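Working notes for the structure below.
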Amino acid sequence: QKEVEQDPGPLSVPEGAIVSLNCTYSNSAFQYFMWYRQYSRKGPELLMYTYSSGNKEDGRFTAQVDKSSKYISLFIRDSQPSDSATYLCAMIDYNTDKLIFGTGTRLQVFP
Amino acid sequence: EPEVTQTPSHQVTQMGQEVILRCVPISNHLYFYWYRQILGQKVEFLVSFYNNEISEKSEIFDDRFSVERPDGSNFTLKIRSTKLEDSAMYFCASSINSNQPQHFGDGTRLSIL
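Those sequence lines, one after another, are chains Y and U. To get the numbering used here, take the position in the first sequence, counting from 1, and add 704. To get the numbering used here, take the position in the second sequence, counting from 1, and add 32.
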């Protein structure tokens, strides 16, 4: 079983839609969770960081963590064409400082 | 907003040659990392560096790879005896502390011919 599973998509939605992106993980030692956005030929750009179960909101983005189910989500409200990118979940276990990434979900928001 | 900068953006090297990829991390950050992303695949950890020594490395980071912080601002990745399979995007990242968010540069695209 992979440490981090993420549906690669692509996911295509109309402008204004609510987008839900998800990852599951198997390692109980993962305690820190991040979402990154990656545009083509660019580096990962940090969107959200959280370390506790529950929701964290930042503008149109909400990160949700459920440690009991080993499941994390990113919700994007009022999606825009500029949100079209690949979204990467990433996790750190408390024993190390390396990020373990999901494969990324490619999102396309059409006008 | 402070950012991680990487040079060059694209490096083309003959197989067997040595290559050095350069990074300038965010100035008050103490932890430094290199990651690799082969085209179409996920981002993979290579090495972490703190207090002038490697704190962790992956199985990808074999004895052809080395890292160095030659001065107070640069962080380099050297690959000796390059192989075709080293072709990938290499990302540098830094964080203020361990377990804190890591901030990435835009990468160096390494092409081995």
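Backbone N, C-alpha and C define an ideal beta-carbon position, used for all residues, glycine too. Since we're looking at a predicted model, the values are computed, not measured.
So with CB distances below 7 Å, who are the chain Y contacts of Tyr122/U?
In chain order: nothing, as chain Y lies at least about 10 Å away.
Hey, is Gly48/U's beta-carbon within less than 9 Å of any beta-carbon in chain Y?
no
What distance in whole Å lies between the Cβ atoms of Ser87/U and Ser98/U, which are believed to be in contact at a cut-off of 8 Å?
So it is not a contact: roughly 15 Å between Cβ atoms.
Among Pro57/U, Thr114/U, Gln43/U, which residue has its Cα nearest to the Cα of Ala125/U?
Pro57/U
Apart from the five residues just before and just after Ser716/Y, which ones in its own chain have a Cβ nearer than 6 Å to its Cβ?
Gln812
I believe Thr790/Y touches Thr766/Y by the beta-carbon criterion, under 8 Å. Please report the beta-carbon distance rounded to the nearest angstrom.
Not really, about 19 Å apart at Cβ, beyond 8 Å.
Give a yes or no on whether 9 Å exceeds the smallest Cβ distance from Ala789/Y to chain U.
no
Between which two residues does the beta strand (DSSP E) containing Asn759/Y stretch?
758-762
Which chain Y residues are close to Asp103/U, counting only those with a beta carbon under 9 Å from its beta carbon?
Per Cβ cutoff of 9 Å: no residues; Asp103/U is ~23 Å from chain Y at best.
Going along the chain, which residues of the region 71-86 of chain U sit with their C-beta nearer than 7 Å to a C-beta in chain Y?
Lys74, Val75, Phe77, Ser80
Could you spell out where the beta strand (DSSP E) holding Tyr755/Y opens and where it closes?
Premise fails: Tyr755/Y is in no beta strand (DSSP E) and is neither H nor E.
8 Å contact criterion, which Leu145/U and Val36/U should meet: CB distance rounded:
Actually they do not touch by this definition, with Cβ atoms about 27 Å apart.
Which residues, in chain order, does the region 798-809 of chain Y contribute to contact with chain U at a C-beta distance below 9 Å?
Tyr798, Thr800, Asp801, Lys802, Leu803, Ile804, Phe805, Gly806, Thr807, Gly808
Determine the closest residue to Ser119/U out of Asp94/U, Asn83/U, Gln69/U, with distance taken between C-alpha atoms.
Gln69/U
Taking the Cβ atom as the reference point for each residue, do Tyr65/U and Gln132/U lie within a distance shorter than 9 Å?
no
Between the Cα of Gly137/U and those of Tyr122/U, Ser143/U, Phe93/U, spot the shortest distance and give me the residue it belongs to.
Tyr122/U
State buried or exposed for Phe734/Y, treating a residue as buried only when at least 16 other CB atoms are found within 10 Å of its CB.
buried
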